[in-house]
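Undergrad: Numbering (my numbering) for the sequence shown: 4 to 73. Before anything else, here's the structure in question.
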Amino acid sequence: MKDLNVKIRADGRVTERRVPWEVGQTYDRLLELLDINAETVVALLDGHPVPTDDLVEPGDLEIVRVVSSG
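Written as structure tokens, this is what we have:
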């Protein structure tokens with residue numbers, strides 16, 4: 004198991020988290036580990052959107068919140 008660096012952009016802030024990552028894990032599972040609703044964000048790998056049911060690949064991963072509460 005490796006750690007994956009994830010940048011999260013939400014509510015005008017940027018945070019970085021390290022999360023455990025296993026080969027064969029999907030972005031849906033990763034978002035679940037981060038306690039993030041997949042319907043409220045877009046996952047970007049190296050600047051390109053990825054479907055949340057794809058397998059996590061190494062690279063520059065950014066999670067961008069696209070739905071605001073309120």
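By construction, the Cβ of each residue, glycine as well, lies at the ideal position given by its N, Cα and C atoms. If you're wondering where the values come from, they're calculated on a predicted model, not measured in any experiment.
1. Beta-carbon within less than 7 Å of D31's beta-carbon, same chain only, minus the 5 sequence neighbours each way: which residues are those?
2. To which residues of the same chain is R12 closer than 6 Å at the C-beta, ignoring the five residues directly before and after it?
3. Beta-carbon within less than 7 Å of G27's beta-carbon, same chain only, minus the 5 sequence neighbours each way: which residues are those?
4. Tell me which same chain residues have a C-beta within less than 7 Å of the C-beta of E25, skipping the five on either side of it?
5. Is the closest heavy atom of the ligand GTP to the C-beta of N40 under 7 Å?
TA: Looking at the coordinates:
1. Working through the sequence shown from its first residue, we reach residue 31 at position 28. If we look at D31 and ignore the five residues flanking it on each side, its Cβ neighbours are A41, T55 and D56.
2. One-based indexing of the sequence shown puts residue 12 at position 9. Around R12: V67.
3. In the sequence shown, residue 27 corresponds to position 24, counting from 1. For G27, where only same-chain residues beyond five positions count, the Cβ hits under 7 Å are L58.
4. Here residue 25 is taken as the residue at index 22 of the sequence shown, counted from 1. Hits under 7 Å: M4.
5. For the structure depicted, the ligand GTP is absent and the ligand set is empty, with no information on it obtainable.
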